[in-house]
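Chemist:
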Amino acid sequence: MPLELSDLHPLLDGEVPYIDFSRQVTIDDLRMLTNASLDTITGFLDGLSDAHVTFEPVDPHAYDPYAVEGEEQLGWNLAHLVLHVTASSEEGAAMSATLARGVEVKLRNRYEPPWREYTTVEQCLARLEESRRMRLAFLAAWPNKPHLDVYRKISKEWEAKVGKLNAPAMFLFGLAHEVGHYDQFREVRRQALAAFPLEDH
682 MPLELSDLHP LLDGEVPYID FSRQVTIDDL RMLTNASLDT ITGFLDGLSD
732 AHVTFEPVDP HAYDPYAVEG EEQLGWNLAH LVLHVTASSE EGAAMSATLA
782 RGVEVKLRNR YEPPWREYTT VEQCLARLEE SRRMRLAFLA AWPNKPHLDV
832 YRKISKEWEA KVGKLNAPAM FLFGLAHEVG HYDQFREVRR QALAAFPLED
882 H
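Under this note's numbering, the final residue of the sequence shown carries the number 882; numbering is consecutive throughout.
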């Protein structure tokens, strides 16, 4: 049976190492899951206005040690979430293409655009489609016979937690992280709609 996004939850829960799960996954599965995830996030923005995607939610659990000073505990708006998950998924996809070609990955290669510059639904949707194009292109860059015995260089502590990360496992790592933010998307959308009911726009 084809894989579904819900099948990735054991990865998020730490029940299955990424590399073990990846053995059942084909490159076509990764394409399908990528499209399904981006379609899901696009759906979270359906019917919303610019006021909704820039609405700053209340999040008592918010903590980002990498944030600009003073914003570590700021709740992420929908635009910020779009930028965060696409950046992480693209990093996983980029690393997967490098690993698949037989080249060990040592350093991170993540870029996330400044979230305050994204203030419209149109920008968010464009970012999602740009990410779709980029991620599918990284999959297209895999050789016909990917090197599955080449791994990302990570600490022993991290490897004990997630297992070894080869090309398909690395791609899944970014994608599962994205799926793990779905509930946050839903909650921020709920708060934004409560603040700005649709009938008012």
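Even glycine gets a Cβ: it sits at the ideal position worked out from N, Cα and C.
For HIS886, which residues from the same chain have a beta carbon less than 6 Å from its beta carbon, with the 5 sequence-adjacent residues on both sides left out?
Modeler: Past the edges of the chain, shown from 682 to 882, lies residue 886, and the structure says nothing about it.
Chemist: Just the C-alpha distance for LEU874 and HIS733, rounded to the nearest angstrom, thanks.
Modeler: Rounded to whole angstroms, LEU874 to HIS733 spans 7 Å at the Cα level.
Chemist: Tell me the residue span of the alpha helix (DSSP H) that contains PRO849.
Modeler: Element bounds for PRO849: 848-860.
Chemist: Which runs of the alpha helix (DSSP H) at least 4 residues long sit entirely within the region 716-757? Give them in chain order.
Modeler: DSSP runs (the alpha helix (DSSP H)) wholly in the region 716-757: 731-735.
Chemist: Please classify ARG870: does DSSP put it in a helix, a strand, or coil?
Modeler: Helix at ARG870.
Chemist: Under 8 Å: do the region 773-782 and the region 698-706 share three or more Cβ pairs, one atom per stretch?
Modeler: No contact exists between the region 773-782 and the region 698-706.
Chemist: Please report the distance separating the alpha-carbon of ASN825 from that of ILE708.
Modeler: Going from the Cα of ASN825 to the Cα of ILE708 covers about 10 Å.
Chemist: If you check the beta carbons only, do GLU798 and LYS834 fall under 8 Å apart?
Modeler: In this structure, LYS834 does not lie closer than 8 Å to GLU798 by Cβ.
Chemist: Which residues does DSSP pair with VAL786 in a beta bridge?
Modeler: According to DSSP, which records beta bridges pairwise, VAL786 is partnered with ARG833.
Chemist: Within a Cβ cutoff of 8 Å, which residues of the same chain sit near LEU820, ignoring the five residues on either side of it in sequence?
Modeler: Hits under 8 Å: ILE708, LEU711, ARG712, THR715, ALA774, SER777, ALA778 and PHE852.
Chemist: Please tell me whether SER730 has its Cβ less than 8 Å away from any Cβ of chain B.
Modeler: This model lacks chain B altogether; it includes just one protein chain.
Chemist: Can you find the residues in the same chain that come closer than 7 Å, C-beta to C-beta, to ASP731, ignoring five residues on each side of it along the sequence?
Modeler: Excluding positions up to five away in sequence, the list reads THR800, THR801 and VAL802.
Chemist: Taking Cβ positions, are GLY728 and ASP740 nearer each other than 8 Å?
Modeler: Not in contact: GLY728 and ASP740 (Cβ atoms no closer than 8 Å).
Chemist: Please name the residue in ALA748, ARG816 and HIS761 whose C-alpha comes closest to that of GLU737.
Modeler: Taking only the C-alpha atoms, the option nearest GLU737 is HIS761.
Chemist: If we count the other Cβ atoms within 10 Å of its Cβ and call it buried at 16 or more, is PRO890 buried or exposed?
Modeler: The question about residue 890 has no answer, for the chain in this structure spans 682 to 882.
Chemist: Along the chain, where does the alpha helix (DSSP H) that runs through TYR799 open and close?
Modeler: Careful: TYR799 lies outside any alpha helix (DSSP H) and carries neither H nor E.
Chemist: Would you decide whether ALA848 is buried or exposed? Buried here means 16 or more other CB atoms lie within 10 Å of its CB.
Modeler: Flag for ALA848 reads buried.
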